[in-house]
Amino acid sequence: MKNRNDVMTPADKKLVISRLLNAPRELVWEAWTNPKHIIHWLGPNGFTNTFINCDTRTGGSWRYTMHGPDGRDYGNRIVFIEVVKPERLVYKHSGIDETEDIHFDVTITFEEVGNKTQITMATEFSTAEELQRVIREFGAEEGGNQTLTKLDAYVTSLQKFPEGPIVIERTYLATSEKVWNALTDKDEMRSWYFDLKEFKPELNFEFTFTGISEDNTSYLHHCKITDIIPGKRLEYSWSYDGYPGISYVRFELFPAGNKTLLRLTHRGLETFPAHPDFARKNFFKGWTSILGESLLHHLENTKP
21 MKNRNDVMTP
31 ADKKLVISRL
41 LNAPRELVWE
51 AWTNPKHIIH
61 WLGPNGFTNT
71 FINCDTRTGG
81 SWRYTMHGPD
91 GRDYGNRIVF
101 IEVVKPERLV
111 YKHSGIDETE
121 DIHFDVTITF
131 EEVGNKTQIT
141 MATEFSTAEE
151 LQRVIREFGA
161 EEGGNQTLTK
171 LDAYVTSLQK
181 FPEGPIVIER
191 TYLATSEKVW
201 NALTDKDEMR
211 SWYFDLKEFK
221 PELNFEFTFT
231 GISEDNTSYL
241 HHCKITDIIP
251 GKRLEYSWSY
261 DGYPGISYVR
271 FELFPAGNKT
281 LLRLTHRGLE
291 TFPAHPDFAR
301 KNFFKGWTSI
311 LGESLLHHLE
321 NTKP
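In case it helps, my numbering puts the sequence shown at residues 21 to 324.
Rendered as structure tokens:
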């Protein structure tokens with residue numbers, strides 16, 4: 021008998037992946053059907069998403085683009101065939117835009133196991149050969165396992181921090197190139213962000229800076245770049261010297277003519293100690309000021 025967390029061996033044309041999640045079924049269902057949650061965990065390691073629409077009702081559709089760590093975009097279209105809250109989701113998948121049009125059917129079940137949830141994803145392809153091709157060329161088996169691992173971590177964090185990650189979006193009257201330079205050039209960063217002694221937009225580059233709280237307490241920040249696609253995405257870890265916990269800050273750029281939408285996501289705040297300076301409201305206030313005032317004035321050459 022297989023462990024309930026195992027990835028089951030593909031049989032014929034169906035791939036079945038199952039995992040016991042450390043969260044109650046209602047919460048797991050909410051994380052799987054509410055776009056404000058889905059966007060934070062969907063996809064294998066290193067992937068992010070842009071949603072076009074997300075209507076998780078029977079007959080509803082969901083269109084989104086998954087951005088790979090190599091910079092490639094994957095368009096996806098889902099049509100929900102059956103939505104039975106909080107027990108089962110059934111949908112059909114296909115590609116959109118210039119993405120390879122891979123078709124498959126998915127059935128997801130949510131089973132209560134005490135205060136935990138057994139989630140099982142059964143993905144069925146047209147033929148056994150097509151399933152093997154997708155496993156071989158796209159890493160479908162490993163990708164599914166990584167996705168459920170991310171979902172498990174996300175629903176676990178939601179129980180500690182129900183508000184979820186901080187997500188802030190701002191649109192600037194500036195090209196994406198100009199915004200990217202502001203995010204990655206240490207001289208520019210000093211004028212709107214923090215006084216960094218050194219910064220290089222390179223994977224695994226580590227840097228530090230000092231931030232001051234409202235009561236004038238100094239905190240030495242330790243950061244390491246964990247994901248980067250030049251001109252599009254930058255992510256780095258964020259922790260404090262002498263304190264447990266680690267969080268991650270992600271900047272994503274979406275150009276629109278002579279304007280650029282910047283989306284900031286700060287996740288992992290629940291790992292920090294229960295200290296007033298590490299309260300979510302303080303992070304939200306700080307990022308709102310940094311993006312809505314300091315960076316805005318820097319990019320658009322306006323006075324604070």
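Every residue gets a Cβ at the ideal spot worked out from N, C-alpha and C, and that includes glycine. Note that this is a predicted model, so its numbers are computed, not measured.
Beta-carbon proximity of residue i to residue j, cut-off 8 Å
| i | j | result |
| --- | --- | --- |
| PHE292 | GLY265 | yes |
| LEU289 | PHE181 | yes |
| LEU203 | ILE37 | no |
| PHE71 | ILE186 | no |
| MET141 | GLY115 | no |
| LEU223 | THR230 | no |
| ASP235 | GLY66 | no |
| VAL333 | THR78 | Since the first and last residues shown for the chain are 21 and 324, residue 333 lies out of range. |
| ILE128 | ARG153 | no |
| ALA294 | LEU178 | no |
| ILE188 | LEU284 | yes |
| LEU282 | TRP212 | no |
| PHE130 | PRO106 | yes |
7 Å Cβ shell around residue i - same chain, five flanking residues per side excluded
| i | result |
| --- | --- |
| LEU151 | PRO30, LYS33, LEU35 and PHE145 |
| THR53 | THR76 |
| GLU132 | ARG45 |
| PRO324 | For PRO324, the predicted model reports a pLDDT of 49, less than 50, meaning its position is unreliable and no value from the coordinates is stated. |
| TYR111 | ILE98, VAL99, PHE100, ILE101 and VAL126 |
| ILE232 | SER238 |
| ASP261 | LEU240 and HIS242 |
| THR176 | ASN42 and ALA43 |
One or two residues paired with residue i in a DSSP bridge
| i | result |
| --- | --- |
| ARG270 | GLU255 and THR285 |
| ILE232 | SER238 |
| GLY95 | THR85 |
| HIS113 | ILE98 and PHE124 |
| GLU226 | LYS244 |
| LYS217 | In DSSP, LYS217 forms no bridge with anything. |
| ARG39 | ILE139 |
| ARG190 | LEU282 |
| ASN69 | MET86 |
| PRO44 | Answer by DSSP bridge pairing: none, since PRO44 is not bridged. |
Residue i, buried or exposed, once every other Cβ within 10 Å from all chains shown has been counted against 16
| i | result |
| --- | --- |
| ASP172 | buried |
| GLU320 | exposed |
| VAL199 | buried |
| PRO64 | buried |
| GLU157 | exposed |
| THR147 | exposed |
| GLY184 | buried |
| THR228 | exposed |
| HIS57 | buried |
| HIS60 | buried |
Own chain residues within Cβ distance below 6 Å of residue i, not counting five before or after
| i | result |
| --- | --- |
| MET209 | LEU216 |
| PHE298 | PHE292 |
| HIS87 | THR68 and ASP93 |
| ARG270 | GLU255 and THR285 |
| GLY91 | ILE249 |
| SER309 | none |
| PHE225 | ILE245 |
| PHE219 | LYS206 and PHE227 |
| GLN166 | PRO64 and ASN65 |
Min CB distance residue i to chain E below 8 Å
| i | result |
| --- | --- |
| PHE124 | No chain E is present in this structure, which holds just one protein chain. |
Proximal residues to residue i (C-beta, below 8 Å), its chain only, five neighbours per side dropped
| i | result |
| --- | --- |
| THR280 | THR191, TYR192, ALA194, THR195, SER196, LYS198, VAL199, LEU273 and PHE274 |
| ARG136 | Residue 136 is actually Lys in this sequence, not Arg. Counting only Cβ-Cβ distances below 8 Å, and skipping sequence neighbours, we find LEU40, LEU41, ASN42, ALA43 and PRO44. |
| SER267 | SER257, TRP258, SER259, HIS286, ARG287, GLY288, LEU289, THR291 and PHE292 |
| ASP121 | SER114 and GLY115 |
| ARG300 | PHE181, GLU183, ILE186 and LEU289 |
| TRP307 | ILE186, ILE188, LEU284 and HIS286 |
| ASN23 | Because ASN23 carries a pLDDT of 48, less than 50, the predicted location of this residue cannot be relied on, and the following value inherits that uncertainty. If we look at ASN23 and ignore the five residues flanking it on each side, it has no Cβ neighbours. |
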